[in-house]
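So the sequences go chain by chain: S and D. Residue numbers are given in this note's numbering: position 134 of the first sequence equals residue 126, and the series is strictly consecutive. Residue numbers are given in this note's numbering: position 102 of the second sequence equals residue 94, and the series is strictly consecutive. Glycine residues also receive a C-beta, built at the ideal position from the N, C-alpha and C atoms.
2 protein chains.
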Amino acid sequence: MGSERTIYLQMQPIEQALETVQQELRPATLLGHELVATEEAVGRVTAEAVYAQYSSPTFHGAAMDGIAVRAADTFAAREGAPVHLERNTGFVEVNTGNPLPDGMNAVIMVEHIDFVDSDTVAIEAPAFPWQHVRRIGEDIVATELLLPQNHTLTPYDTGALLSAGIWELAVWQQPVVEVIPTGDEVLDFRQRPEPRPGQVVESNSQVLAGLARQWGAEVRCQPPVADDESILLQAVQDALDGPAHVVVIGAGSSAGSKDFSRRVMEQCGRILVHGITAMPGKPSLLGVAANGKLLVGAPGYPVSAVVCYEQLLQPLLAQMQHKPVNRRPVIEVEINRKLPSKLGVDEFVRLAIGKVGDKWVGTPLARGAGMITTLTRAQGVARIPTESEGVEAGQTVRAELFVPAEEVERVLVAVGSHDNTLDLLANALQGLKHPIGLASSHVGSMGGLTALQNGSVHIAGAHLYDPESGDYNFPFLQRYLADIPVTAVNLAIRHQGLIVPRGNPKGIQGIQDLTRDDVRFINRQRGAGTRILLDDHLHRAGLSAREVNGYGHEEFTHMAVAVNVLSGAADCGMGIYAAAKALDLDFVPLARERYDLLIPTAYLEDEKIRSVLDLLGKPEFQQEIESLGGYDTHLTGQVMQPGMGLGEG
Amino acid sequence: MGSERTIYLQMQPIEQALETVQQELRPATLLGHELVATEEAVGRVTAEAVYAQYSSPTFHGAAMDGIAVRAADTFAAREGAPVHLERNTGFVEVNTGNPLPDGMNAVIMVEHIDFVDSDTVAIEAPAFPWQHVRRIGEDIVATELLLPQNHTLTPYDTGALLSAGIWELAVWQQPVVEVIPTGDEVLDFRQRPEPRPGQVVESNSQVLAGLARQWGAEVRCQPPVADDESILLQAVQDALDGPAHVVVIGAGSSAGSKDFSRRVMEQCGRILVHGITAMPGKPSLLGVAANGKLLVGAPGYPVSAVVCYEQLLQPLLAQMQHKPVNRRPVIEVEINRKLPSKLGVDEFVRLAIGKVGDKWVGTPLARGAGMITTLTRAQGVARIPTESEGVEAGQTVRAELFVPAEEVERVLVAVGSHDNTLDLLANALQGLKHPIGLASSHVGSMGGLTALQNGSVHIAGAHLYDPESGDYNFPFLQRYLADIPVTAVNLAIRHQGLIVPRGNPKGIQGIQDLTRDDVRFINRQRGAGTRILLDDHLHRAGLSAREVNGYGHEEFTHMAVAVNVLSGAADCGMGIYAAAKALDLDFVPLARERYDLLIPTAYLEDEKIRSVLDLLGKPEFQQEIESLGGYDTHLTGQVMQPGMGLGEG
């Protein structure tokens, strides 16, 4: 995997980088024409104008079932003064699609004729010329332009082309992209590997394959190549000698001691761009091979790679195919958290987006370039431009949506504390007849209260314990959210405690063990209800935070705490039983607590919220929660009142 | 091809028809689960929740090239008071992606360290814990929910799934749609037929194939089946016994004497819907087979078939796959022509759409259900609801766009007279580095003037001859458009005359022959410059319109007139030489005339208009015009002034 340390020689803003490459590429020589069968051409791009071979229809035909007539013969017909026409000389019976007999120029619908006898009809209204007739060439006239060059073919076009007798047509070749992943630490997914420390499963090539297919290109993926300059050079040269129009080297595009992409590309052609002023995506590398093919060095981090693909490779592939870049829908979203941004770089911030009340709200997700799930969990992405130092909470940004706005309207925005049952809820909501998405951001219970305050969420998960009253959440709502009517609905009561390795090798029994020298603790972030609970337990035990080794090491979710324990990165962390059970760890119980969904009362009648409440009331769903372990659902789905505590009074 | 005469027993509005079928279909039993390889799953829909197998990363790793340290060891470091660390005990060199050695919890970038000797570094600033570290599970924690059920997989998801060790996953089966086209008159395109009068090339099945592929279904197409009830019944039963989940019978869905779809469907299952209150699309037929599969009788006319596919089949296929319907972008467009609509039906009106000034303008295209080119030439479609009697010119409607709005912004809207060079222009504009679309509607020169008056076009093509002054267009502009500054740029001078069959079998020599009893004429529509020219010639010859056999038979383009002559539907028509030449017909010259592009002066600096003017000035393009035959380009691309006539004074 490439380094993020950078000595970039041709660093450029995105659009300038693109322009630089576009001026060097010769798409029309890189990609030739090919003939494809019309019925297989949807999505391809015409390489030249297409003219109709036949007219459609090729004849004047009946557009209705009835009789064909000469309009002039009927001009005298009136109600009560019918005109009589004889079979063959005066009329001919026709079905829709039949050609009109020579000289006839109108059709009278079967409903409007009376048969006087089997060969004579009476007409009581005149027919006007061409009435109910599909005229020759009405749709298509032979030799006329059906489609211009550089037109992306649609299914409708297939219909017009076949109707006009075009059985095959010249289109631009499909660009072939060959991807060469690199890295000693990178495992080939085809071998279904189990990654050990230091190893990762190579997946960026497959993300590119999926994207590039949507962009009209064919992607061929090689197995990963070791970090060895001469092996990589050989692989790239082989690819350049083959059918590929574009060769992508995966990772190694930066300037570290094991980053060979640049040196290899210099030996095969010329570097045009090294580095773009973008985050993620900075270590993007572009060049042109001696034979005119496009060379791309993609960054190793998955989100950086996606930025490189989407911002640079996508428009270049579109240019090669003479078609416009696919555009995503764009909306204005209000950002619900301060979003600082570095001057001088375009930042691509992934957002969980939903419609809260009548405004679109975006919650910025984690910024790390290494987190592919920030893309899978996002509904869109905002580009914070180079000249901006960031966006304040409450300001709006333009965001590209990954799915149509109608779908995003069906997303519930949840910001607050993390709990494993939220996964169950997300899955169950997506299984409804009218599915609902759940976009949950884990910022701790206090963060959820702030989001409620800003009017930017449908739901805030919270388990804030007030030692003074022994109650949950309400004391905090009264303190911080007195002006906004909020309803608390219980999600579950859960067991909190110390998560320890299987077998509890350090014999941790309780809170007092956290101060032992041989125990490395892993903590939750400030504002997390679990941290408040820990602090309360430390306080009651007369212990100080400073005595806890690792108190300053923070994670954002129960599962992240558990995985630290599982991997041996920590000996112990505070969290819920369900997280310990999920990873087959042991658990030292400390307390039971109430986890509620805090919902602005104004949204209680929202269809999405109603669906959540319905679901929570279902015994089957409560059963699912219980089966996670460490949950008690006797309050689940019920509206809470101040002073209820654990509801066991 | 089916009849448009209708005795529908279960006629329903679109949404009600859909609801009726949705209540009868059992998607989850119709379509089962199947396992697919993760790297091939983009676009498929998860059939169950997907939980992570591995964490990602599986270890604490360096996020930068540099050295790994224990943060606590560096806390005392200050500028001028460095901390020294020894290799292995105090620091370990790491590249991005390397695991941190046990006990180390921070990385210092290579730029921020000084080597005192080869085994000792000096640090002048403290490192905070987890600095430049990608923490274990930062992206994905084993066992957590990666994707809920009923989620349409994206390329990003591929990355997350492979990173989490998910090599294959359960998705809903892809629906298989089997199409059986019907009709004695229908030709199989695979045989590359040449349609004779009464015959048409079957293409609706291929339009459906292209659409359904975009909707996630697989389509299998049979060759056309004759209009024979027992043969069709056998074909449908065979299809129902096979792998298809949906069987579509193409055409024959109405109630005419040769419409067998309904009777066949009644023998295989139950009819749920026969007829929808939609135009086009009325004769849509839906049912459910005895074995639970979906039966569709699609109308025969191509636009009717598309309405049936898009409004009924598409949402049903989406429902089967547990995914939302693909939505097209929607905009508000101003309609530039009165659009009457029938009460009680939803009308789907295809629109040529462009952005003129700062408003979106839609020109309604022809309404005929038989015209597939109204879909290929349209940028979008408006649905005029059942309760509306239509839309006045200048009112707005909501239109679904076939392409993103950004692309529609690059469409030039031309309304006015028809000329074959407009095809050349359309093709050339699409060949520019920044391609421009040309949406031209042919409503005659006077229609173009009206469109200019309404401010709804970029360009109006006109060749209006004023006999009094001998000048073109300007007298009309002064009369009808005095308030709007318009610039006239010449497109070409062209030859008008009488188009006659090859060899001129009736010996037509001039305007006086049009009154002969044995000559059937085909005319242009009212407001066409060509008709005005004809009237002038008749007038000058002392002839009356009533003496011309066929004066009342109107076509809208030169090519349509020519094809009437080619097919023998008329003996003679008035039109341009290029149209006669295109169809290899003979031509009796009557006059030369000036054809100008009338452009609101306000748009002369519009990039699209500038591109048109550039192109017209190019000798190569003028050469292309000349090669059509019957054109003279000595004025082409020049700004015209009043009184210039043919520019030969």
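Any beta carbon of chain S sitting closer than 8 Å to that of V604(D)?
It does not; no Cβ of chain S falls within 8 Å.
Quick check on E31(D): buried or exposed, where buried means 16 or more other Cβ atoms within 10 Å of its Cβ?
E31(D) should be labelled buried.
From the DSSP output, in three-state form, read off T144(D) for me.
The DSSP-derived three-state label of T144(D) is strand.
Residues near Q165(S) in its chain [Cβ-Cβ closer than 6 Å; skip 5 each side]
Counting only Cβ-Cβ distances below 6 Å, and skipping sequence neighbours, we find L23, G24 and E26.
Distance, Y569(D) Cα to E136(S) Cα:
Rounded to whole angstroms, E136(S) to Y569(D) spans 14 Å at the Cα level.
Which same chain residues, not among the five before or five after D176(D), have their C-beta less than 6 Å away from its C-beta?
Excluding residues within five positions, the ones whose Cβ falls inside 6 Å are A218 and D219.
Short of 7 Å in beta carbon distance, which residues of its chain neighbour F51(D), apart from the five on each side in sequence? Order them along the chain.
Only P91 and I128 meet the Cβ criterion.
Tell me whether M(-7)(D) sits in a helix, a strand or coil according to DSSP, three-state version.
Residue placement at M(-7)(D) is flagged as unreliable, the pLDDT there being 37, under the threshold of 50; a coordinate-derived value is accordingly withheld.
Among I268(D), V405(D), S536(D) and V353(D), which residue has its Cα nearest to the Cα of V337(D)?
The shortest C-alpha to C-alpha distance from V337(D) to any of I268(D), V405(D), S536(D) and V353(D) is the one to I268(D).
Taking the straight line between their C-alpha atoms, what separation do you get for V553(D) and L526(D)?
Distance between the alpha carbons of V553(D) and L526(D) is about 14 Å.
Let me confirm a value: G208(D) is counted as buried when at least 16 other C-beta atoms fall within 10 Å, else exposed. Which label applies?
With 16 or more Cβ atoms within 10 Å of its Cβ, G208(D) is classed as buried.
Mark M(-7)(S) as exposed unless 16 or more other C-beta atoms lie within 10 angstroms of its C-beta, in which case mark it buried.
Confidence at M(-7)(S) is low in this model, with a pLDDT of 36, below 50, so the placement of that residue should be treated as unreliable; the coordinate-derived value is given next. By the Cβ-count criterion, M(-7)(S) is buried, with 16 or more other Cβ atoms from all chains shown falling within 10 Å of its own Cβ.
Mind listing which residues of the stretch 497 to 525 of chain D have their C-beta closer than 7 Å to chain S's C-betas, in chain order?
Correct list: empty, as no residue qualifies.
Do the stretch 426 to 433 of chain S and the stretch 559 to 578 of chain S meet, that is, are 3 or more Cβ pairs less than 8 Å apart?
Because the criterion of three Cβ pairs below 8 Å is not met, the stretch 426 to 433 of chain S and the stretch 559 to 578 of chain S do not touch.
Chain D residues whose Cβ lies nearer than 8 Å to that of W159(S):
The contacting residues are F181 and R184.
Less than 8 Å between the CB atoms is what I'm expecting for V192(D) and V178(D), so what's the real figure, rounded?
Contact flag correct, Cβ pair sits at about 6 Å.
Would you kindly work out how many angstroms separate the C-alpha atoms of R(-3)(D) and M96(S), rounded to a whole number?
Here the model assigns R(-3)(D) a pLDDT of 42, short of 50, so the residue's position is not dependable, and the following value carries that caveat. For R(-3)(D) and M96(S), the distance between alpha carbons rounds to 21 Å.
Return helix, strand or coil for V133(S), following the three-state DSSP convention.
V133(S): coil per DSSP, three-state reduction.
From the DSSP output, read off the bridge partner residues of I500(S).
Per DSSP, I500(S) has no beta bridge partner at all.
At a CB-CB cut-off below 7 Å, which residues of chain S make contact with A41(D)?
Under the 7 Å cutoff, chain S gives N419.
Beta carbons nearer than 9 Å to chain D: which residues of the stretch 129 to 148 of chain S have them?
Hits within the stretch, in order: G129, E130, D131, I132, V133, A134, T135, E136, L137, L138, L139, P140, Q141, N142, H143, T144, L145, T146, P147 and Y148.
From which residue to which residue does the alpha helix (DSSP H) around H266(S) run?
In this chain, H266(S) is not harboured by any alpha helix (DSSP H); it is covered by the beta strand (DSSP E) spanning G261 to H266.
N515(D) bridges to which residues according to DSSP?
Per DSSP, the beta bridge partners of N515(D) are E546(D).
Contact list for the stretch 399 to 415 of chain D against chain S, Cβ threshold 9 Å
Within the stretch 399 to 415 of chain D, the residues whose Cβ lies closer than 9 Å to some Cβ of chain S are E399, R402, N412, L414 and D415, listed in chain order.
Starting from I524(D), follow the alpha helix (DSSP H) in both directions and report where the run begins and ends.
That run of the alpha helix (DSSP H) goes G521 to R532.
Strictly by DSSP, which residues pair up with Q445(S)?
Beta-bridge pairing links Q445(S) to no other residue.
In DSSP terms, what S195(D) is bridged to:
According to DSSP, S195(D) bridges with nothing at all.
So D563(D) and V481(D) are supposed to be a Cβ contact under 8 Å. How far apart are they, rounded?
At roughly 37 Å, the Cβ-Cβ gap does not stay under 8 Å, so D563(D) and V481(D) are not in contact.
Exposed or buried, which one is A474(D) when buried takes at least 16 other CB atoms within 10 Å?
It is exposed - the Cβ of A474(D) has fewer than 16 other Cβ atoms within 10 Å.
Using a Cβ-Cβ distance under 8 Å, would G495(S) count as near chain D?
No, because no Cβ of chain D sits closer than 8 Å to the Cβ of G495(S).
Please state the DSSP three-state secondary structure of T(-2)(S).
Its pLDDT being 48, under 50, T(-2)(S) is placed unreliably in this model, and the coordinates cannot settle the point.
Exposed or buried, which one is T625(D) when buried takes at least 16 other CB atoms within 10 Å?
A buried status is given to T625(D), since no fewer than 16 other beta-carbon atoms sit within 10 Å of its beta-carbon.
Close Cβ partners of L414(D) (< 6 Å) along its chain, the five nearest in sequence each way excluded
Here the set comprises S432.
Go ahead and pull the three-state DSSP assignment for Q311(D).
Of the three classes helix, strand and coil, the one that applies to Q311(D) here is helix, per DSSP.
Considering only residues of the same chain and omitting the five flanking positions on each side of G521(S), which have a CB-CB separation below 6 Å?
Cβ within range, chain order: S409, S437, H455 and L456.
Judging by CA-CA distance, which residue of E16(D), V353(D) and G53(D) is the nearest neighbour of P93(D)?
It is G53(D).
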